[in-house]
Amino acid sequence: MILVSACLIGVDCKYNGGNNKNDGLMDYLKDKTVIPVCPEQLGGLCTPRIPAEIVGGNADDVIDGKAKVINKENQDVTEEFLKGAYETLKICRTLGVKNAILKEKSPSCGINQVYDGSFKSKIIDGYGITAALLIKSGVDLKSETYFEGGE
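For the record, in the sequence shown the residue sitting at position 98 is 98 according to the numbering used here, with numbers rising by one throughout.
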């Protein structure tokens, strides 16, 4: 059983209403039980939605109340991102999920990289809020780049 960012398997839940379907990942998942999730939708955000980034720290800081998630229109969406992350963690715990494949660079799902909070498409090392919670709970994470030969 593998938890997967729903956008990676073709669900139109990306912030712009599209998806990030990954054919290499789809091949890998053919014979697996997949639990698709979109933490941002689980947190109550609509699709499409205004792009958001972690501002004033990293994912751990957001979890600790020391940083925020702000969208491009300067609205605080921290509560929704945290709710979605905890709902995703609840799904993992309820179903006994130990492995997840998440979307790189996302403020929720990024595993190795996220945007820097400037909304200038600058990438930094770090992880998203959902990824941070799953890591702390012992879930083994991979990003979609692993299935593109990029990790």
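Glycine included, C-beta positions come from ideal geometry on N, C-alpha and C.
Treat the numbers as computed from the prediction; the structure is a model and nothing was measured.
DSSP places residue 2 within a strand segment (E or B) once states are collapsed to three.
Nearest neighbour of residue 136 by Cα position, chosen from 119, 124, 63, turns out to be 63. Cβ neighbours of residue 87 within its own chain (closer than 6 Å, five residues either side excluded): 42.
DSSP places residue 102 in the strand class (E or B) of the three-state scheme.
Looking only at 139, 4, 120, 16, the smallest Cα-Cα distance to residue 22 is reached by 4. Within its own chain, the residues whose Cβ lies closer than 6 Å to the Cβ of residue 126, once the five positions on either side in sequence are excluded, are 58, 114, listed in chain order.
By the Cβ neighbour-count rule, residue 96 is exposed, with fewer than 16 other Cβ atoms within 10 Å of its own. In this structure, 109 is the residue among 120, 109, 118 with its C-alpha nearest to the C-alpha of residue 143.
No Cβ-Cβ contact shorter than 9 Å links residue 129 with residue 35.
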